[in-house]
Amino acid sequence: MIETKNLILDKAKFSDWKEMYENVWSRPESARYMAWQVTTTQEDAKLRIMRTIEFQNNHDVYTVYEKKSGKAIGFAGVEKIKPFVYQETGICLGPDYVGKGFGIQILEALIQYCKQEFDAKKFFYSTRKENEASNRLAKKFGFTLVSSEKKIDNRNGQVYELLKYSLDYSFPSMR
């Protein structure tokens, strides 16, 4: 479990299926810059939460809960690239929870988690070029743009540009 001022990042439970469906998975706005398909039925959401639980059991990936309401409102995670080097694996919030500073809290918590738990020396953050909010977030934390790569969205065949940012933990301040 990872805790911020307003959020808890924890492993999913089956009972989260409905909130994840309503707040995130059924919302095209949430999937816009991600690599997953919108979930269109409650039955599919129940199957998806089971896959999510299984995946989260073996990975540093979490469901994001709003402390105030206790609702499941998104997901986030990290993975090891090589010794002392980690990257986020996606940060996603339901559209009703965007613009509240939660992305800042999540990214800061993931960076700190990797530093404290794994003695990370470097952290990578990736986002699509057109995702202005995500790019602002990278800049706010002092990330440096290290690469740009053309990719194809498997959902629709559209080309997009993936920007990869790096943060060296030796910098004294992350914000």
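For reference, each letter of the sequence shown is one residue, going -8 to 166 in our numbering.
Think of the CB as a built atom: it goes at the ideal place given N, C-alpha and C, for glycine as much as any other residue.
Since the structure is predicted, the reported quantities are computational estimates derived from the model, not experimental observations.
Residue i burial status per 10 Å Cβ neighbour count (16 or more: buried)
i	result
K(-4)	exposed
M41	exposed
Q78	buried
R166	Confidence is the limiting factor: at R166 the pLDDT is only 43, short of 50, which leaves the residue's position unreliable, though a coordinate-based value still follows. Exposed, because fewer than 16 other Cβ atoms sit within 10 Å of the Cβ of R166.
T31	exposed
G68	buried
N48	exposed
Euclidean distance between Cα positions of residue i and residue j
i	j	result
Y156	L136	4 Å
F115	H50	17 Å
R146	C105	31 Å
Y24	I64	17 Å
K73	E99	21 Å
G94	A129	10 Å
N14	Q103	26 Å
Sub-8 Å separation of residue i and residue j beta-carbons
i	j	result
I(-1)	K58	yes
E123	S139	no
V29	W8	no
V52	I97	no
Selected residue, minimal CA-CA separation from residue i, among the options
i	options	result
A172	Y160, I82, K113 and W8	The structure shown does not extend to residue 172, since the chain is modelled only from -8 through 166, so no value can be given for it.
Q33	K62, K71, G94 and E10	E10
Any non-hydrogen atom of the ligand NAD within 7 Å of residue i CB
i	result
K131	The ligand NAD is not part of the structure shown, which contains no ligands of any sort.
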